[in-house]
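First the structure, in the form of structure tokens, and then the observations on it.
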Amino acid sequence: MKTILKFRWPIFIVLLGLAIGLLFVAPDLAKQAEEAGSFQLADDADSQKAADILEKAGASEDTLSLVYDFDKAVSDEDKKAVQNTAKEIKNVGKPVTAVMDPFESEEIENQLVSEDKKTVLVPITVDGSEEEIIDLSEKIRSEMLPKDTTVYLTGEAIINNDVNESAQEGLKKTEVITVVLIFALLLIVFRSIVTPIVPLIAVGITYLLSQSLVAFFVDWFGFPVSNYTQIFLVAILFGLGTDYCILLLSRYKEELIEGHEIQEAIINTYKTAGRTLIISSLAVFIGFAAIGFADFPIFKSAVAVAVGIAVLILVLFTVVPLFMMLLKDKLFWPAKQATSHNDSKLWIRFSKLSVSRPLLSMAIVAVITVPLLLTYDNDLSFNTVDEIDQSKESVKGLNLISEGFGKGDSLPVQVILKDDNSIVDEKDVPYLETISRNLEKVDGVKSVRTITRPTGEQIDDLNVDNQLGLISDGLKEANDGIKSVQEGLGQVEGGLNDATSKLPSGSEASSGGAGLRQAAQGIGQINDQLDQLAGGLSQGMPAAQAVGGLNALNKELGKISTSLNGAAGQIEGSGSQVGQLSSGIGQLAKGVTDSKNGLTEISKGLTEVTDMLKDMSEAPSIRDTGIYIPAGTLGEEEFQPVIDRYTFGDETGILMEVILKDDPYARESIATVHAIKDSVKTSIIGTPFENTDVAFAGISSMNSDLDDISSKDFTRTVVIMLVGLFVVLTILFRSAIMPLYMIGSLLLTYYTAISFTELIFVNGLGYDGISWAVPFFGFIMLIALGVDYSIFLLDRFREESIKGSTIADALKISMAKMGTVIITAAVILAGTFGAMMPSGVLSLVQIATIVITGLLLYGLIILPLLIPAITVSFGRGVWWPFRG
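See the structure below:
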């Protein structure tokens, strides 16, 4: 410390110059957080895997939605206006790739117009960066939307942008409020207009240096960053930095009271309070460094606070001594009691209870905490929309979609099947129906949309039962056609017999008459055979056999037609008076030809039936799925819109949209997604999709991943943090007992605080639960910061014990001396977190509630009542195993 005091000015100038210089050259930390995105999932997470698959296939589009809110059922004029707007947006070009006209067809209208016809949805498919999408949304709002109609623009990208904007606005509010609050609190505590300036300068330099270093680390080493990073830096550095300054300045006052010279007072301050500060900061550093072991980048982004803590210690050991040396006892001007130090009367009273009657003290703590703990349900919410102001356009639009179409319709779960080769053909696609049917059986699933059911209902024409019905109808039509041909041939036969009777015997025409009689007989025989074929078809004769019979009869009809034409020629050439019969016989011959052509058409139809039945008999998909898609169906023009919507990557990938019954953001939807994943993975076994890559996209899928990752990270980080704290505290306090109940008291404080927070936000304000990230950050913050106060107290207790005081006396002295410091520090740190409240970001408000509740509970109840009670109960055993 003597060396630091000797070179205090050069050190201060270097630190100040470095802080200001880096401020101008360092990357923009806020911009880095925005680019990192709201959710940064691990590569092996299902939703991230889905995003990667779609991006590599060039299908990573986002969807924006125009939501029209009409006062009454949409009119024809309204429809035209909506269609015109859709066309105008489509003509914008990049990043717009497609705009769906809600009135293009009846099927689409059923999907995009609500039942009451008052809400109309216009999906806009976009492919571009988040910045391009946001710019597009601003252009649509300002230039293309009608002024006389209520229209909202929403979508995942817009909601995420609103979250980012809310976080940045919240940061600005927090910074200003924090500085003003700290200055006011210090002014009250020290009754000096000079004292507050020292912590603000020290912490200000720390914050500027820290955020610049973190920004560089993000660029150089890929340091994790999120919207939480800067806000936590502000709250913790200003709050904790002020606490540490209070600790140092309070001890400095004690040293001055004892009559030490300025330099000696400073050196003694850093030998005592400085040691406590090192222990405390090391515990906090370990707490936030432990976050580095988390997998989730958003959680890991709080590790930046560890960087801030390291910088804070450097500044507190260099800048603060400079002001102590410079201002001397004027540091507390103009307070008349600047050179006095008052013991805490409140904590003196607490000490009489906790040290003298420890069991009663413990019982009081139990009465306060246990009832709250019993109410805790660990209700978590994954609703991103709750994070922002409900008056935002994106939120209103999303709510309107939920009201008009059902909550699940607004944001479906996407099941993605991807292979290296095309998987969209008539043999494979039927198996999508098996997967869809199994998905519909999952509790919480409303419907499924994909190639075989683009509107959520299976296409009837693909159903084998329906197709067999059509085949049956076709056979009936063939039978009816045969009967029609029979009737025609019967008329021809009668005409031939009539013509034959009119021919005189012995004339030249009589030889032609013989041909007519022969033809009539042949037609009669053919009619008999047609009658047998018709009867056979009615009784289940194979169509192929009927086709063979028809083809044979066709040949006979051809011969008869030729014979009739020859006979007609002979009769006409006879020159007799009967020659005029030739024209009638020619008509009969044409009738035979028409009958022949009719049989040919019937034969073709039966051949198609035969081929289809053959294909169906060879298609395994029929047995497995009950679905049959005739060859060429998927390539037909009318089927193309369905293929375009539910395939990607040159038909190497297939999309399935699963519509949920519950709100996609609801906790229940996470359980549904887990069931969906299990169903799909089971359903594809033994199908052509068994070896495809399977992934799941959508808000509910992402929330499912967040739930899994956050739970694992919470457990891992908590264990590492607590073990690290135990080891460090054991070494520094030279006791294995003290760290155990220090950590135990903090755990009690955390669970009591989060129980209280759950009561407020879930039971009181009606939220679905505590935001999913809040327990993690709330735990880290409260444990890492709360441990400081137990260190403040017990390190002073250690100091008094070393001087020879008994356990009880050492506790009473340390509580009297540290009570005011701890209460003041807790109030100031709680105040800095209270500055998060006006941010408007729900998760930050909830984190602040946990930390504020926990710090005040710990500083005013648990620390003065429980810690001394446990300590005095152990007696000299509190130093086990190092000394007794």
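Just so we're aligned: 271 in numbering that gives the first Met the number 0 is position 272 of the sequence shown, and the numbers increase by one with no gaps anywhere. Ideal Cβ placement from N, Cα and C applies to all residues, glycine included.
Would you verify that the beta carbon of residue i is, or is not, closer than 8 Å to some beta carbon of chain B?
i, result
"VAL81", "Included in the structure is just one protein chain, with no chain B present."
Rounded to the nearest angstrom, what separates residue i and residue j at their Cα positions?
i, j, result
"GLU386", "ASP661", "19 Å"
"ILE846", "PHE832", "8 Å"
"LEU345", "LEU232", "32 Å"
"GLY818", "TRP878", "23 Å"
"ALA665", "TYR740", "38 Å"
"THR228", "THR852", "22 Å"
"MET814", "ILE367", "21 Å"
"LYS78", "SER699", "32 Å"
"PHE713", "ALA752", "17 Å"
"THR823", "GLY238", "11 Å"
"SER191", "PHE322", "15 Å"
"GLU130", "LYS93", "13 Å"
"ARG882", "LEU4", "37 Å"
"ASP147", "PRO122", "21 Å"
"PRO195", "ALA288", "29 Å"
"GLY16", "THR317", "14 Å"
"SER360", "PHE791", "20 Å"
"SER410", "ILE400", "Before going on, a small fix: residue 410 reads as Leu here, not Ser. Straight-line Cα distance between these residues: approximately 9 Å."
"ILE415", "ALA674", "16 Å"
"VAL394", "GLN110", "21 Å"
"PHE647", "GLN31", "32 Å"
"GLY768", "SER703", "15 Å"
"ILE373", "LEU855", "Ile is not the amino acid found at residue 373; the sequence shown has Leu there. Their backbone Cα atoms lie some 20 Å apart in a straight line."
"THR268", "ILE256", "12 Å"
"ASP100", "GLY396", "18 Å"
"GLU507", "GLN528", "Only weak support exists for where GLU507 lies, its pLDDT of 45 falling under 50; the coordinates are left without a value."
"LEU21", "THR449", "54 Å"
"ILE601", "THR691", "44 Å"
Answer with buried or exposed for residue i, where buried requires no fewer than 16 other C-beta atoms within 10 angstroms of its C-beta.
i, result
"LEU128", "For the sequence presented, residue 128 should be read as Ser rather than Leu. Counting Cβ neighbours within 10 Å, SER128 comes out exposed, since fewer than 16 surround it."
"ILE176", "buried"
"ALA49", "buried"
"GLY899", "Nothing about residue 899 can be read from this structure; the chain reaches only from 0 to 883."
"GLY521", "buried"
"ASP42", "exposed"
"ASP75", "exposed"
"TRP219", "exposed"
"ASN420", "exposed"
"ASP794", "buried"
"ILE235", "buried"
"PRO774", "buried"
"VAL722", "exposed"
"SER104", "exposed"
"THR805", "exposed"
Within the continuous beta strand (DSSP E) that includes residue i, where are the two ends?
i, result
"GLU656", "652-659"
"SER446", "444-448"
"ALA97", "95-98"
Since residue i sits in a beta bridge, which residues does DSSP pair it with?
i, result
"SER770", "SER380"
"SER46", "Partner(s): none; SER46 has no beta bridge."
"LEU65", "VAL121 and LEU152"
"THR646", "ILE653"
"ILE415", "LEU654 and ALA694"
"VAL112", "VAL119"
"ARG356", "Per DSSP, none; premise fails for ARG356."
"ARG452", "THR449"
Check for me: the alpha helix (DSSP H) holding residue i runs from which residue to which?
i, result
"LEU247", "226-256"
"ALA809", "806-833"
"ALA665", "Taken as a continuous stretch (DSSP letters only), ALA665 belongs to no alpha helix (DSSP H), as it is neither H nor E."
"GLN262", "261-288"
"VAL850", "841-856"
"GLN210", "196-220"
"MET737", "736-757"
"LYS89", "75-89"
"GLU142", "129-142"
"PHE23", "7-24"
"GLN31", "28-35"
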